[in-house]
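The structure appears below as structure tokens.
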Ligand code: NDP
Ligand code: 8X3
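Numbering (our numbering), first residue to last: 536 to 783.
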């Protein structure tokens with residue numbers, strides 16, 4: 536199979552790329568940092584195609600897809616994984632540019648790439664789109680404001696896509712992970728403050744990027760007649776919270 540993964544230069548996308556190539560699949564690994572993708576390509580070999588892509592530059596996406604080399608042109612699986620959280624401040628203190636970047640990447644980028652790839656899947660009557668949402672799309676938490684809202688979009692967009700795809704063999708899943716250590720997620724969220732980022736993962740057993748890679752691989756290898764609509768996963772140490780009450 537040919538699998539296009541956005542955000543392949545780190546975290547879940549990198550872990551999944553390694554698993555898929557080990558299984559003999561072709562991977563189109565996309566991200567902004569081509570240098571990181573090229574390093575990955577050196578270890579993964581010809582089955583891994585590094586592609587420079589900024590998903591937030593929506594206008595550029597159709598041409599990038601059209602320019603893929605023949606062996607990689609048919610996209611059997613699209614993993615819309617590129618995304619980010621910026622900031623943990625409450626809304627009244629948040630930075631508007633951070634909000635805009637999250638919307639441009641997590642919403643507009645995912646939407647734009649899906650628009651570029653989906654028609655060929657429908658024409659072939661086969662294909663699979665896996666969107667990487669988050670528990671933040673269902674469970675509000677302090678400082679989650681726009682990040683959680685972007686992931687709520689991803690969840691509902693995934694469900695609505697499947698509704699539009701009725702009668703086709705094209706599948707759609709929204710994967711909704713909870714706390715995952717060992718990726719760059721919190722380093723990005725805290726704007727490079729690595730000490731703060733590390734503290735997020737102190738003191739409990741969390742999931743890892745490899746765990747999420749395994750789950751994505753399981754989805755990709757699931758039987759073609761089954762559609763996993765949504766899959767929410769958390770470390771056992773985490774659970775959805777009760778409603779907070781600020782006592783006097
Ligand atoms: P990482 O920060 O480790 O990886 C994010 C990836 O997205 C990088 O490869 C980055 O590459 C890429 N990316 C970011 N912006 C863009 C862009 N504009 N265009 C193309 N690629 C981009 O994070 P994770 O692996 O942890 O997260 C992956 C996804 O999972 C995200 O959507 C995140 O929201 C979600 N998630 C993460 C959780 C966690 O706790 N870690 C839990 C639940 C969901 P580059 O910088 O090279 O462009
Ligand atoms: C990332 C998981 O709990 O930090 O999407 O929002 S969380």
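All C-beta atoms, glycine included, are put in the ideal place defined by N, C-alpha and C.
By the criterion of a C-beta distance shorter than 7 Å, residue 651 is surrounded in its chain by 596, 597, 600, once the five residues flanking it on both sides are discounted.
In the DSSP assignment, the residues bridged to residue 706 are 663.
By the 16-neighbour rule on beta-carbons within 10 angstroms, residue 776 is exposed. Residue state for residue 742 is assigned as strand, using DSSP reduced to three classes. At a cut-off of 7 Å, the beta-carbon of residue 571 counts as near the ligand NDP: some heavy atom of the ligand is closer than that. For the pair residue 766 and residue 673, the Cα-to-Cα distance works out to about 12 Å.
In terms of side-chain proximity, the C-beta atom of residue 547 is found no nearer than 7 Å to any non-hydrogen atom of the ligand 8X3. Under the criterion of beta carbons closer than 8 Å, residue 670 and residue 624 do not qualify as touching, at roughly 20 Å. Of all residues, those with a beta-carbon under 5 Å from at least one heavy atom of the ligand 8X3 are 669, 671, reported in chain order. Where residue 537 is concerned, the enclosing beta strand (DSSP E) starts and stops at 537-541. Residue 763 is positioned such that its CB atom lies closer than 8 Å to that of residue 754. Where residue 765 is concerned, the enclosing beta strand (DSSP E) starts and stops at 765-768. Not one heavy atom of the ligand NDP sits closer than 7 Å to the Cβ of residue 765.
The bridge partners DSSP lists for residue 585 are 564. Not one heavy atom of the ligand NDP falls within 7 Å of the beta-carbon of residue 769. DSSP, reduced to helix, strand and coil, places residue 711 within a strand of the structure shown.
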